[in-house]
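Enquirer: Have a look at this one before I ask anything.
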Amino acid sequence: MTDKPMLILIAGPYRSGTGGDAQAMATNLARLEAAGWPVFAAGHVPAIGEWIALPVLRSVGAGPTDPLADQVLHPTAERLLAHCDAVLRLPGDSTGADQDVATAHRRGLPVYHSVDEIPRRLPQDAA
């Protein structure tokens, strides 16, 4: 158990293996987001890089398959990781998620591969 909430980056496939198919990417994002509740229920704050990167791309009229996406998606996760306390790596092939894990290791952050591995917060904080 921990007494401080962690900001946990949820990393897994988003564009990988989709061939640029919008529905496949939406399915992958939904899978990433499905891990949000268990992280939150454990007393922490979930974060997904695409929650930040996609609006940034939309602000310049671009999307996840636009050439500009490579300059936004992975750099956003890298910048977000500077504020995170841990990474939850979901299964599936993903170059970006593998980069997130490598960054976490370089920064000495824990990398969890299951929500069950994430320490729960001490129950005294009901705020």
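Read the sequence shown against the working numbering and you will find it ends at 367, with the numbers running on by one and no gaps.
Even for Gly, the Cβ is constructed at its ideal location relative to N, Cα and C.
According to DSSP, is residue 304 helix, strand or coil?
Expert: Correct three-state label for residue 304: coil.
Enquirer: Compare the C-alpha of residue 334 against each of 251, 306, 279 and 247 and name the closest.
Expert: If we check each option's Cα against that of residue 334, 251 comes out closest.
Enquirer: Expressed to the nearest angstrom, what Euclidean distance is found between the alpha-carbon atoms of residue 308 and residue 247?
Expert: For residue 308 and residue 247, the distance between alpha carbons rounds to 27 Å.
Enquirer: Within this structure, are the beta carbons of residue 297 and residue 303 separated by less than 8 Å?
Expert: Contact: yes.
Enquirer: For residue 347, does the count of other Cβ atoms within 10 angstroms reach 16, so buried, or fall short, so exposed?
Expert: Residue 347 comes out exposed.
Enquirer: What would DSSP say about residue 389, mapped onto helix, strand or coil?
Expert: Because residue 389 is not part of the residues shown, which for the chain are 241 to 367, the question remains open.
Enquirer: For residue 259, count the other beta carbons within 10 Å of its own beta carbon; 16 or more makes it buried, fewer makes it exposed. Which is it?
Expert: Exposed, since its Cβ has fewer than 16 Cβ neighbours within 10 Å.
Enquirer: Alpha carbon to alpha carbon, what distance is there between residue 362 and residue 314?
Expert: Between residue 314 and residue 362, the C-alpha separation is close to 33 Å.
Enquirer: Under a Cβ-count criterion, where at least 16 other Cβ atoms within 10 Å of its own Cβ denotes burial, should residue 253 be classed as buried or exposed?
Expert: Buried, because 16 or more other Cβ atoms sit within 10 Å of the Cβ of residue 253.
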